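S.K.: Per UniProt numbering, the sequence shown runs over residues 1 to 202.
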Amino acid sequence: MNVLDAIKNRHSAKNFDPNYIISSDIKKNLLEICLENAPSAFNLQHWRLVLIEDQKQRAQIREFSWNQPQVTESSMLVVITAHKNSWQNKVAQRVWSGATQDVQSFMMSAIDQYYHGRLEVQRDELMRSAGIFSQTLMLAAQEFGLDSCSMVGFDFGKMAEVIHLPNDHVICLMVAIGKSTTQRYPKIGKLPFDEVIKINSF
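In structure tokens form, the structure reads like this:
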């Protein structure tokens, strides 16, 4: 499947075949593809993923997710969190360790200038990177013949308790992946091009 087909065919699946199994190898392959290729600001790879495999834990999550069936029916459920301090030097240095010393020095300085003391920027970048990662994951799943649904309809505080979220992390969203059991709804209600796209300014 080419990229355009993946984009056009992907839809938000609301019901999955609970008997469909994605092998551990395919799950790992999917995640590795995204980890190696999804872009992030300054290559900081802010995302930290929690793969929910335990069915009792899935049932618990469904209780505070408006009883959405995707939580327990999907073959793969990924909670995407982000490390709030990934911009700080000891973490940032790891992702630039393969660069020349000049590049490393430049990037450490640029990262510090961009993030230091700017809490709103720090949080915004986490969410942007998580959004990019989730879309990459859903398009990769489409290539594997799988359906997906990004989800934010859950209690973030309770989710933090269930996954034992560290204090220096934040929950962004979760993605359910599997085989849809319902026909894809037509893409309706799309706003006109000229209403959404402006040239140079509003």
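Don't be surprised by glycine CBs; every beta carbon is placed ideally from N, CA and C. From a predicted model like this one, the values you see are computed outputs, not experimental measurements.
With distance defined between alpha-carbon atoms, name the residue in Asp5, Val91, Ala6, His11 nearest to isoleucine 188.
M.R.: Nearest C-alpha to isoleucine 188: His11.
S.K.: Under 8 angstroms between the Cβ atoms of glutamate 73 and phenylalanine 16?
M.R.: Yes, Cβ-Cβ distance for glutamate 73 and phenylalanine 16 is below 8 angstroms.
S.K.: Let me make sure I understand the geometry here. Which of Gly153, Ile132, Met76, Arg62 has the alpha-carbon closest to that of isoleucine 21?
M.R.: The shortest C-alpha separation from isoleucine 21 is found at Met76.
S.K.: For the 8 angstroms Cβ check, are there 3 or more pairs between the region 93-113 and the region 52-65?
M.R.: Output reads no: the region 52-65 does not touch the region 93-113.
S.K.: Given this structure, state the Cα-to-Cα distance separating lysine 198 from valine 162, to the nearest angstrom.
M.R.: Lysine 198 and valine 162: Cα-Cα distance of roughly 44 angstroms.
S.K.: Run through DSSP, which three-state label would alanine 140 get?
M.R.: The answer is helix: DSSP assigns alanine 140 an H, G or I state.
S.K.: For histidine 169, count neighbouring Cβ atoms within 10 angstroms of its own Cβ and tell me buried if that reaches 16, exposed if not.
M.R.: Classification of histidine 169: buried, given that the 10 Å Cβ count is 16 or more.
S.K.: For glutamate 32 and glycine 145, I'd like the C-alpha separation in whole angstroms.
M.R.: Approximately 17 angstroms, taken between the alpha carbons.
S.K.: So the candidates are Met151, Ala140, Phe193; which of them puts its Cα closest to the Cα of valine 71?
M.R.: Checking every option, the nearest Cα to that of valine 71 belongs to Met151.
S.K.: Span of the beta strand (DSSP E) holding isoleucine 171?
M.R.: Isoleucine 171 -> beta strand (DSSP E) spans 169-178.
S.K.: Per DSSP, what are the beta-bridge partners of methionine 1 in this structure?
M.R.: Paired residues: none, contrary to the question.
S.K.: Over what stretch of residues does the beta strand (DSSP E) that includes arginine 184 continue unbroken?
M.R.: Element bounds for arginine 184: n/a, residue is neither H nor E.
S.K.: Would you say isoleucine 80 and valine 175 are within 8 angstroms of each other, going by their C-beta atoms?
M.R.: In contact: isoleucine 80 and valine 175 (Cβ atoms closer than 8 angstroms).
S.K.: First and last residue of the alpha helix (DSSP H) that includes valine 71?
M.R.: It spans 70-73 - the alpha helix (DSSP H) in which valine 71 sits, taken as one unbroken run.
S.K.: Can you name, in chain order, every residue of its own chain whose Cβ lies under 7 angstroms from the Cβ of residue 273, other than the five neighbours on each side?
M.R.: No answer is possible for residue 273: the residues shown for the chain start at 1 and end at 202.
S.K.: Helix, strand or coil: how does DSSP classify aspartate 17 here?
M.R.: It is coil, neither helix nor strand.
S.K.: Identify every residue that forms a DSSP beta bridge with isoleucine 80.
M.R.: DSSP output for isoleucine 80 lists Leu49, Leu173 as bridge partner(s).
S.K.: Helix, strand or coil, according to DSSP, for serine 12 in the structure here?
M.R.: Strand at serine 12.
S.K.: Looking at the secondary structure, which residues open and close the beta strand (DSSP E) in which serine 150 lies?
M.R.: Its beta strand (DSSP E) spans residues 147-151.
S.K.: Quick check: what's the CA-CA separation for asparagine 2 versus glutamate 36?
M.R.: When rounded, the distance between both Cα atoms is 19 angstroms.
S.K.: Buried or exposed: where does phenylalanine 202 fall if 16 or more other Cβ atoms within 10 Å of its Cβ makes it buried?
M.R.: By the 10 Å Cβ count, phenylalanine 202 comes out exposed.
S.K.: Quick check on DSSP: helix, strand or coil for glycine 117?
M.R.: DSSP places glycine 117 in coil when its eight states are reduced to three.
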